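**Student:** One structure follows; several queries about it will come next.
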Amino acid sequence: MAAGGLAALLPAQTQLEYALLDADTPQEKENLVYQYLKKMDSRERDLTVPELGGDLEWLNTEGPISLHKDLCGKVVVLDFFTYCCINCLHLLPDLHALELQYSDKDGLIIVGVHSAKFPNEKVLDNIKSAVLRYNIVHPVVNDADATLWHELEVSCWPTLVILGPRGNMLFSLVGEGHREKLFLFTSITLKFYKERGQIKDKNIGIKLYRDSLPPSPLLFPGKVTVDNSGERLVIADTGHHRILVTQKNGQILHTIGGPNSGRRDGRFSEAAFNSPQGIAIKNNVIYVADTENHVIRKIDLALEMVTTVAGIGIQGVDKEGGAKAEEQPISSPWDVVFGSSISGTQEDDVLWIAMAGTHQVWALMLEDGKLPKGSDLKKGVCLRFAGSGNEENRNNAYPHKAGFAQPSGLSLASEEPWNCLFVADSESSTVRTISLKDGAVKHLVGGERDPLNLFAFGDVDGAGINAKLQHPLGVTWDKKRKLLYVADSYNHKIKVVDPKMKNCATLAGTGEASNIVGSSFTQSTFNEPGGLCVEENGHLMYVADTNNHQIKVLDLDTKILSMALPILNPEVCDVPDNLPVQKDKIRSLPKLPKSAPNVQLPSLTVAPGQTIQFLLKLTLPSDSKLNEEAPNSWFITAEDNTWLLQGQCLTGEIKDVSCQTIIPFQLPRSCLSAEAILAVKACLYYCSKGSSACMMKGISFSQPLQIASANQSSVTQVELIHTFVTN
Numbered sequence: 001m002a003a004g005g006l007a008a009l010l011p012a013q014t015q016l017e018y019a020l021l022d023a024d025t026p027q028e029k030e031n032l033v034y035q036y037l038k039k040m041d042s043r044e045r046d047l048t049v050p051e052l053g054g055d056l057e058w059l060n061t062e063g064p065i066s067l068h069k070d071l072c073g074k075v076v077v078l079d080f081f082t083y084c085c086i087n088c089l090h091l092l093p094d095l096h097a098l099e100l101q102y103s104d105k106d107g108l109i110i111v112g113v114h115s116a117k118f119p120n121e122k123v124l125d126n127i128k129s130a131v132l133r134y135n136i137v138h139p140v141v142n143d144a145d146a147t148l149w150h151e152l153e154v155s156c157w158p159t160l161v162i163l164g165p166r167g168n169m170l171f172s173l174v175g176e177g178h179r180e181k182l183f184l185f186t187s188i189t190l191k192f193y194k195e196r197g198q199i200k201d202k203n204i205g206i207k208l209y210r211d212s213l214p215p216s217p218l219l220f221p222g223k224v225t226v227d228n229s230g231e232r233l234v235i236a237d238t239g240h241h242r243i244l245v246t247q248k249n250g251q252i253l254h255t256i257g258g259p260n261s262g263r264r265d266g267r268f269s270e271a272a273f274n275s276p277q278g279i280a281i282k283n284n285v286i287y288v289a290d291t292e293n294h295v296i297r298k299i300d301l302a303l304e305m306v307t308t309v310a311g312i313g314i315q316g317v318d319k320e321g322g323a324k325a326e327e328q329p330i331s332s333p334w335d336v337v338f339g340s341s342i343s344g345t346q347e348d349d350v351l352w353i354a355m356a357g358t359h360q361v362w363a364l365m366l367e368d369g370k371l372p373k374g375s376d377l378k379k380g381v382c383l384r385f386a387g388s389g390n391e392e393n394r395n396n397a398y399p400h401k402a403g404f405a406q407p408s409g410l411s412l413a414s415e416e417p418w419n420c421l422f423v424a425d426s427e428s429s430t431v432r433t434i435s436l437k438d439g440a441v442k443h444l445v446g447g448e449r450d451p452l453n454l455f456a457f458g459d460v461d462g463a464g465i466n467a468k469l470q471h472p473l474g475v476t477w478d479k480k481r482k483l484l485y486v487a488d489s490y491n492h493k494i495k496v497v498d499p500k501m502k503n504c505a506t507l508a509g510t511g512e513a514s515n516i517v518g519s520s521f522t523q524s525t526f527n528e529p530g531g532l533c534v535e536e537n538g539h540l541m542y543v544a545d546t547n548n549h550q551i552k553v554l555d556l557d558t559k560i561l562s563m564a565l566p567i568l569n570p571e572v573c574d575v576p577d578n579l580p581v582q583k584d585k586i587r588s589l590p591k592l593p594k595s596a597p598n599v600q601l602p603s604l605t606v607a608p609g610q611t612i613q614f615l616l617k618l619t620l621p622s623d624s625k626l627n628e629e630a631p632n633s634w635f636i637t638a639e640d641n642t643w644l645l646q647g648q649c650l651t652g653e654i655k656d657v658s659c660q661t662i663i664p665f666q667l668p669r670s671c672l673s674a675e676a677i678l679a680v681k682a683c684l685y686y687c688s689k690g691s692s693a694c695m696m697k698g699i700s701f702s703q704p705l706q707i708a709s710a711n712q713s714s715v716t717q718v719e720l721i722h723t724f725v726t727n
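First residue of the sequence shown: 1, per full-length UniProt numbering; consecutive thereafter.
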């Protein structure tokens, strides 16, 4: 390659850019680009991109791709990106639109060159998750050591480099917001080289990673919150583009939107979201940061309606705001939390918004009120509260002069002496505070003193600036203990911060990206947890374990990670909440064969409202396999105590006996007896591997309950283990 990297393109391309500014018509612009290409193509020596190393890992392909062999005869757009970067995410819709217009048959190939900022982003499995999460359908190469980045002297994320059919560099576009130029340069380049017969229509072996994944009840859940009663959870099921409202045992009460992305208001069955993240609930109203639609949505659970309350559905560049919310463009809202203005008469009259796309914190006025260091504001106004819009780690007594770097999580501590917003500032790897008295922005933990250094990350417990985080995405305040919990996403941990002493320590997670439910917090593992919340009473914490596609439940009193919340579809939940048990539903449950053993379990002391988690582990004879086409199932009965079954899931599928099946059961808050017996039964169909003989087998577990009035642990686990034997 000629020396100079991308800098060698600058003189000629800068001349073209100035000429395009003076061009009045599309035809003039096309002619200017065409003449530029003639000049670049006639150079004595191409500015050629070096070959990618043959040992690099590829995604969405059948194998490694050679830039100079496999992509010879193609116009190639190289997208230098890192998956944490909001500006890189803003570019993806432009690339997706380009892919829809031109295929590899037309001569165009887009290649994502993943050049990591954080160490966690160099790991292929984490890039795989990002490729799926952001619906990237073109080839992606993991250039973990940023070899091509350094060869071309790329300087920032994102950067696009457009290559001709010989691997010759033609254009570069730095940053986001160049959609018109991207389409102009690409279309004329394809036309130019087609006229010269240099475009080949050969196929590139595309094999999408998403096509190999099994279905999952949740897909990359980004955030989770719990209502004041502690009885309802709201989950941003981000990858399925929907919001779920569930009981605390995982039973779905409402499914809103999904499974495909879109932007539609209306009834729950009609509404559509696009990668929603932050959620806030009060009574029967939920506000949603509909991130990739660049809007804030309102869900009314009573009316079962979704409306847009802020944003216009197009990414905004305004960093001031102040218009009526439904007319105010906003950019990639990532989290929302209720708060109160300093002069309002109503509680929760402000919705604070982590505006990741403009590196700011905004406010949506839900009622008339006044913000710190601000003037009186009318209901429905949406405006910037803190952050200049520059991407930096700058603290300042004046909120508009402070700087954030992709704020992604918010939590409110309204009580004295805190009276502040906590901000998970992901790209600076810090947690910051914004005073709700005077708007002052201060450092709490992580990062370093230089406001321009966004590379001060790590995994270090300590105080203040000595503590190190890696791209934290979520924060939640524990009112009971006066502690802040942090989803330290790229360290795969939950950290706890004492804001009084500025101490930051690991609460849960080993630092390994995996999915282990251990006997204690520090033996359990996570994979890029993105959000978390704590019950009002401080007992349970719920964690959106994003790349594990789960909500994990942590008991803060016993320090035990008690379970991954099972998500139970309403169609398998036979008994509606607060309604009498329907006798015909019970009669329709399967009948076990008379030979089915009945296992008597030790008596269990429980309390009204408590959740029992039955862990069913069944083992087949060694020469047998499960008949997956048959109705393998578990079910619950309580012959003389049908009041126990109110609001419960009475049955569910058993899809795989190689792993345990989780069966949640929550006792009614009002119990009609101090003693009861619950039966958990399973019915399996399996076949002998050596013959065509198939059989139906059953097992029943009888669980006596002693119902005490004293509070017990809110979740208790009971193992149900049985091995079937060959007759």
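For each residue, glycine too, the CB sits at the ideal point set by N, CA and C.
All values derive from a computational prediction rather than experimental measurement.
For T723, which residues of its own chain have a beta-carbon under 7 Å away from its beta-carbon, when the five flanking residues on both sides are left out?
**Tutor:** Same-chain partners within the cutoff: T619.
**Student:** In chain order, which continuous runs of the beta strand (DSSP E) of length 3 or greater are located wholly inside the segment 180-263?
**Tutor:** Those beta strand (DSSP E) runs which fall completely within the segment 180-263 and span 3+ residues are 223-226, 232-237, 242-247 and 252-257.
**Student:** Using the C-alpha atoms, what's the distance from R232 back to T651?
**Tutor:** So the two alpha carbons sit approximately 21 Å from each other.
**Student:** Quick one: give me the first and last residue of the alpha helix (DSSP H) that R133 is part of.
**Tutor:** Start and end: L124 to R133.
**Student:** Any idea what DSSP makes of N274, helix, strand or coil?
**Tutor:** Coil, per DSSP.
**Student:** Rounded to the nearest angstrom, how far is the Cβ of V568 from that of I252, given a contact under 8 Å?
**Tutor:** Looking at the sequence itself, residue 568 is Leu, so the reference to Val does not match. So it is a contact: roughly 6 Å between Cβ atoms.
**Student:** Measuring only the C-alpha atoms, how far is G531 from N228?
**Tutor:** Approximately 18 Å, taken between the alpha carbons.
**Student:** By how many angstroms is the C-alpha of G167 removed from the C-alpha of V49?
**Tutor:** About 6 Å.
**Student:** Can you give the Cα-Cα distance for I721 and N260, rounded to whole angstroms?
**Tutor:** Taking the straight line from one Cα to the other gives about 39 Å.
**Student:** DSSP on E653, reduced to helix/strand/coil?
**Tutor:** Here E653 sits in strand by DSSP.
**Student:** Would you list the residues sitting across from F81 in a DSSP beta bridge?
**Tutor:** Answer is H114, bridged to F81.
**Student:** Between T558 and A508, what straight-line distance do the alpha-carbon atoms span, to the nearest angstrom?
**Tutor:** Between T558 and A508, the C-alpha separation is close to 13 Å.
**Student:** Identify whether T525 lies in helix, strand or coil by the three-state DSSP scheme.
**Tutor:** Here T525 sits in coil by DSSP.
**Student:** Looking at V288 and R263, is the spacing between their C-beta atoms short of 9 Å?
**Tutor:** Cβ distance not < 9 Å, so R263 and V288 don't count as in contact.
**Student:** Is there contact here, the segment 74-84 with the segment 119-127, by at least three beta-carbon pairs under 8 Å?
**Tutor:** They touch, by the three-pair rule.
**Student:** In this structure, how does DSSP classify G107 when only helix, strand and coil are distinguished?
**Tutor:** Coil at G107, not helix or strand.
**Student:** Taking the alpha helix (DSSP H) that I551 belongs to, which residues open and close that run?
**Tutor:** Looking at the DSSP string, I551 is not in any alpha helix (DSSP H); the run it does join, the beta strand (DSSP E), is Q550 to D555.
**Student:** Can you tell me whether DSSP reads W418 as helix, strand or coil?
**Tutor:** Three-state DSSP puts W418 in coil, outside helix and strand.
**Student:** Measure the C-alpha to C-alpha separation of D376 and L436 and round it to an integer number of angstroms.
**Tutor:** In a straight line, the C-alpha of D376 is about 15 Å away from that of L436.
**Student:** By DSSP's criteria, P407 is part of a beta bridge. Which residues make up the other side?
**Tutor:** Answer is D425.
**Student:** For the beta strand (DSSP E) containing T546, list its first residue and its last residue.
**Tutor:** Per DSSP, T546 belongs to no beta strand (DSSP E) and is neither H nor E.
**Student:** How is M501 classed by DSSP in three states: helix, strand or coil?
**Tutor:** Correct three-state label for M501: coil.
**Student:** Can you list, in chain order, the residues of its chain whose CB lies under 8 Å from that of V423, leaving out five sequence neighbours each side?
**Tutor:** Cβ within range, chain order: A354, V361, F404, P407, G409, L410, V431, R432, T433, I434 and V475.
**Student:** Pull up the distance between the alpha-carbon of residue 801 and that of T14, whole angstroms please.
**Tutor:** Residue coverage of the chain in this structure runs from 1 to 727, which leaves residue 801 outside it and unanswerable.
**Student:** Buried or exposed for I206, please, with buried defined as at least 16 other CB atoms from any protein chain shown within 10 angstroms of its CB.
**Tutor:** When all chains shown are included, I206 counts as exposed.
**Student:** Could you name the residues of the same chain whose beta carbon sits closer than 6 Å to that of G322, not counting the 5 residues immediately before and after it, in chain order?
**Tutor:** Here the set comprises L383.
**Student:** Should M501 go down as buried or exposed, given a rule of 16 or more other Cβ atoms within 10 Å for buried?
**Tutor:** Burial call: exposed.
**Student:** Based on the DSSP secondary-structure assignment, which residues constitute the bridge partners of Q613?
**Tutor:** BP columns for Q613 point to P664 and Q717.
**Student:** When the Cα of T358 is compared with those of V336, E62 and E320, which residue comes out closest?
**Tutor:** When only C-alpha atoms are compared, the closest one is E320.
**Student:** Helix, strand or coil for W643? Go by DSSP, reduced to three states.
**Tutor:** Three-state DSSP puts W643 in a helix.
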